[in-house]
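Protein chains in written order, with the numbering used here: chain A, 1 to 345; chain B, 1 to 345; chain C, 1 to 341; chain D, 1 to 341.
Glycine residues also receive a C-beta, built at the ideal position from the N, C-alpha and C atoms.
Below is one structure, written out as structure tokens; the observations come after it.
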Ligand SMILES: Cc1ncc(C[n+]2csc(CCOP(=O)(O)OP(=O)(O)O)c2C)c(N)n1
Ligand SMILES: Cc1ncc(C[n+]2csc(CCOP(=O)(O)OP(=O)(O)O)c2C)c(N)n1
Ligand SMILES: [Mg+2]
Ligand SMILES: [Mg+2]
């Protein structure tokens, strides 16, 4: 199972019941969203290193170039900063680029264009220009990706005004949020976790949108809230199952969008449970965990029965080796343990 | 008072009592630190756009090239990413660069070298190489700096493992922390606020260090903790004076280092006051405010008598115009109001 | 010591290129440059009054590049620029009142007091945007050219850059991409030999900037930047190529700024450049050169010149008065347009 | 369709450059290349066993660049590289066992199982570091050269890059800086015409990479990348210049990778490049070429060849056994070296 394989197939998922509807993988759902968007609107185009490769970005771009042509689906030079600016400039002039990166680390090469330009130009121009663009990146981990090929950068970008960030956890949402992101008139980062690419799920046919900025309750519970997005929900759901065995009712909140954040869904859940574990695939310091932890203490303080808990990456770069990775990345057991501690507080 | 002037002289400070010792401005204190470091160790050098200009980076680099030569104090091309890598490469090979930027926005052009390389190489190499370098930038605001020339990026960098960030608030600390940063064997960001450059203070002669990672209590109080760093302390101290008039005792904690954070000094103060207002010159979301707010709810929960409060920038890019700036930036009154609310909780 | 001397043909160059142009066209260029100069001078004169709480980067001395270039463009063509944006904005037809309102931080500024002098924009005139980050506008303009190409629009994009802008890697990346895709874009590099107070020689090895650009596989030109007609001609050729689908061009135009990098007045006395160097370039002031040519040939009357000066003076006075009488933004404005709907 | 053909002189080139070299030297180069090839083949053979949980970027087909270049260096000289690092590491004298331990995620790996195959390092051998980010090592190596210059060390730095690396703006920036400061550095660009599965033509306009580099004002060379002696010679000339304080050199060496971008086996059948193209280049396999020359001239005996093969085989077997028997890291290791003391 070398490299590429190892990167996407590290989890085994329960297969959904096909009687519930049409089953697609997460990667297929993204592919369908891109295809629909390209079809509906000639302004949409897809760019990125290797989007027309045979490996097709985990399959998400499979067939798009054949169907929509090389002008609308094209490979780029290795020039992340310029390409981000090119996407922004095209967006400011009537197009809707989807700029794809197979690792989020490479988005950092374009930090200046993303943070200081694309996200702020609409404000700076007093609303005269819009910058409708999607910055897609596959976040992930494992199989030796190490410190330079698996940084989850959502925490770094959380403080950037004017930017939106979505992190879907299911094939259904991957499609619906991608469509929303493409139709949004702002730069939207769509961060998808590699380990979800093979996940199956029921995906409606045709066009639909999952709203940006709205979370969803994945599981109801009265004792403790587990909040997160993307792959963290996978872990959170498993932790909830473990907790149920101990008689602890965990409510799992899938934020879906981490900026702008659906504060109300978190506070609402907290009103019920009074306890919260924030889970993120990125570093805990100054990121999503910190933001939601602070939110709980700021606007949900009256409901808090125990300290806020965060489960994410320690303040350490990602190690490359397999054994070290096991110590580094949080898992369901760690989330459950954290929740149990809050129950005993 | 156009532009340059407007940028550094926007505050009027109380002059310290000269009988307490030698008085220098903040900029002079930095100049003295650089000069001492260059003198003590031939491995130290200073690079950056305009470090040898007549305007000498607010005076911080005045006279250095004349004294230490063009090989050790030099101007650079406009190539932030490469220069950051050059500094890292030099640091990995026995030198101690101080890389100066007159605005933090420009550091973002080098995000890849700073975040993905300089900060992580020591870890990735299993400790075989060290990357002792200082990334200096003047943060600031005002006089039309706007969205692209006044971003305070400490919140963005807070989650980066392997990096240190110091933000001195007094001339004394500016010198002592700069010397510590230069002697530190890690990449250290030294962010200095423009509005402090003219501030006077007592600065000891000769070599001394202010330890990285240690905060300091600037004012004692029993009712509410105001925590922050850099220019936020200026505002916090004034807010404390206002609060004292209402009979509220505010304890002002100058973090000095925001990464690694002196958690203990915050928690210790919280044990006494049970209330905290976190103040930062940057965005509140996912930054220093969020991190310390979360910390309070995580490790100081038992002491918390009221919600945590944050005072920093709203989730909006900086406007350029003077009138809008007044609505945008927090001031002492807002901090005091925030503290009063906590008292009434 | 004069580091960077003028190497053009001066008046002879103007005379040579003026052949075949109508007098009215030449006078129009002259008027355009003079107008920019007078606006800049007035901004400079009033700057110490602290009503314009914004950085300024004057183009005094560099008027020929903006005017020569924009004279070869249509309204539908787009111009992007960097921090030194007044010249491009005005030459492309940007609204003077909106510009001065922006500089006075008024609600009706061209960017609603949110951009400041480094972010002048006038979409109607085709002044599409700027970046205060050196090199920041280069890929954005390249993206605008990509949009024009993909949408089959008959539109050329120009991005004004400085000499130092070519040191930013993003410029190399963007030249590569523009050449690869044969985009309808013109990179107009105003080489004024300095970046703030740093001379070219401390930032680049001794090479010619347009030759460096040429290595990215696109046509390049060296145009005398004090000769408005040379810039016009080079742009015209580049525009023709772009409209014909033949791709990008890089134009280097050596120029000199007579004032400080930022703010009012000259700062040569601080020592980073020789006053004699500025004096040499002032002898080939682009406006003076064209004026000399026009008057020597009798193409402009002194009465016309006086009228032009008066018109400009009145326009400027009115625009400043308008700006000073304009309203300040209110708090609610701050919260608008963070996100687009 | 063959997009990128071999344009060198093949065997004739070897024969021409072999003049004046001792047989022992030539056999040494041959042995070095063969050793790298055999190590890579064994890595490839075992990769599916999942013991090496790390990405791999094989240099099979590209051995001549690493070996030819490093043969012109001293131990004190430093080598930096990108993700495709095995060749440079081994040619520079990096420890094989430490490398294989790293690839097997063992505690005694050359980076303590924290770097993986893209971060091979051997400070004793002068293999100074790598970056998994394309272009990431280029400015770092430039900084190492700056350090050598500032410390007056007699040390040359080499950074290995790929063709796509020249599209990253940081490479342009670094060439500019190296030329400006006349740094003792060699940029060795292994142009294998592809970036992952993207051919050069979709990323750059039709230009020659070394000519692009030359525009940054530094000497450049084009060296036949399958001819180990051509690479040696070009490096030697560059090293001499660097040691004499005459500054940097950029060398482009056209080569071909016989395997997939990453992982084991070739992936040409996926369609992004023609198998015939690979076949053409396999005819000028750098090892085969030199072997043919050596045997034709009687400079190597078949018994010697057999002995070399056996030695290499034994070394490899032992190194793998060592790696597999080596300890895994423990949890406490994770917390070490986040910050340096
Ligand atoms: C990326 C970046 N680095 C530094 C600066 C600071 N800065 C503003 S203007 C300027 C000079 C740029 O020189 P050039 O491109 O030659 O334009 P000129 O000012 O000479 O017109 C500099 C260094 C900046 N704005 N952006
Ligand atoms: C900045 C960056 N962008 C993209 C990648 C993904 N990537 C890894 S290797 C590679 C190919 C680079 O091509 P080249 O420089 O020609 O080297 P080669 O692999 O051909 O040896 C790419 C695109 C990366 N590692 N870093
Ligand atoms: Mg300039
Ligand atoms: Mg390649």
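- Residue 100(B) has a beta carbon lying at 8 Å or more from every beta carbon in chain D.
- Taking the beta carbon of residue 329(B) as reference, no residue of chain C falls within 8 Å; the closest one sits roughly 11 Å away.
- Put simply, the CB of residue 320(A) is near chain D, with a gap under 8 Å to one of its CB atoms.
- For the pair residue 133(D) and residue 116(B), the CB atoms are nearer than the 8 Å cut-off.
- By the beta-carbon neighbour count (other beta carbons within 10 angstroms, threshold 16), residue 192(C) is buried.
- Cβ neighbours of residue 87(A) within its own chain (closer than 6 Å, five residues either side excluded): 97, 99 and 133.
- If you look at residue 305(B), you'll find it isn't in any alpha helix (DSSP H); DSSP assigns it neither H nor E.
- In terms of Cβ geometry, residue 183(A) and residue 209(A) form a close pair [threshold 8 Å].
- Residues of the stretch 156-175 of chain C whose Cβ lies closer than 8 Å to any Cβ of chain A, in chain order: 169, 170, 173 and 174.
- Residue contact with chain A for residue 115(C): present (Cβ-Cβ distance below 8 Å to some residue of chain A).
- Within the stretch 209-238 of chain D, the residues whose Cβ lies closer than 9 Å to any Cβ of chain C are, in chain order, 211, 212, 213, 214, 215, 216, 217 and 218.
- In the three-state reduction of the DSSP assignment, residue 212(D) falls in the helix class, which pools H, G and I.
- Burial check for residue 275(A): the Cβ neighbour count within 10 Å reaches 16 or more, so the residue is buried.
- Within the stretch 104-188 of chain C, the runs of beta strand (DSSP E) at least 3 residues long that lie entirely inside it are, in chain order, 127-130 and 157-162.
- In this structure, residue 93(C) lies near residue 75(C), with their beta-carbon atoms less than 8 Å apart.
- For residue 136(C), the C-beta contacts it makes with chain A under 8 Å involve 85, 112, 113, 116 and 117, in order along the chain.
- Relative to the Cα of residue 243(A), the nearest Cα in the group 311(A), 81(A) and 333(A) belongs to 333(A).
- Sequence-distant partners of residue 138(B) (beyond 5 residues in either direction) whose C-beta falls short of 6 Å from its own C-beta, in its chain, are 102, 192 and 194.
- Interface annotation for the stretch 279-301 of chain C against chain D: empty, criterion Cβ-Cβ distance under 8 Å.
- Within 8 Å of the CB of residue 29(D), no CB atom of chain A is found; the nearest one sits about 31 Å away.
- Residue 207(D) belongs to the set of residues whose beta carbon lies under 8 Å from a beta carbon in chain C.
- Considered as a whole, the stretch 248-302 of chain B harbours 250-254, 257-259 and 276-283 as its complete beta strand (DSSP E) runs of no fewer than 3 residues, in chain order.
- For residue 97(A), the enclosing beta strand (DSSP E) starts and ends at 96-101.
- Take the alpha-carbon of residue 321(B) and the one of residue 104(C): they are about 8 Å apart.
- Residue pairing for residue 221(C): DSSP places it in a beta bridge opposite 251(C).
- Of the heavy atoms belonging to ligand 1, none sits nearer than 7 Å to the Cβ of residue 233(C).
- Across the structure, residue 107(A) and residue 50(B) are spaced so that their CA atoms are roughly 29 Å apart.
- A heavy atom of ligand 2 is found nearer than 7 Å to the CB of residue 49(A).
- Within the model, the alpha-carbon separation for residue 168(A) versus residue 78(A) is close to 27 Å.
- With contacts defined as CB atoms closer than 8 Å, residue 120(C) and residue 323(C) fail to qualify as a contacting pair.
- Pairing residue 186(A) with residue 136(C) gives a Cβ-Cβ distance that is not under 8 Å.
- Boundaries of the alpha helix (DSSP H) around residue 86(D): 86-91.
- Beta-bridge annotation (DSSP): residue 232(D) is not paired with any residue.
- Under the DSSP definition of a beta bridge, residue 58(A) lacks any partner.
- The beta carbons of residue 218(B) and residue 237(B) sit closer together than 8 Å.
- Spanning the alpha carbons of residue 229(D) and residue 315(D) requires a straight line of approximately 26 Å.
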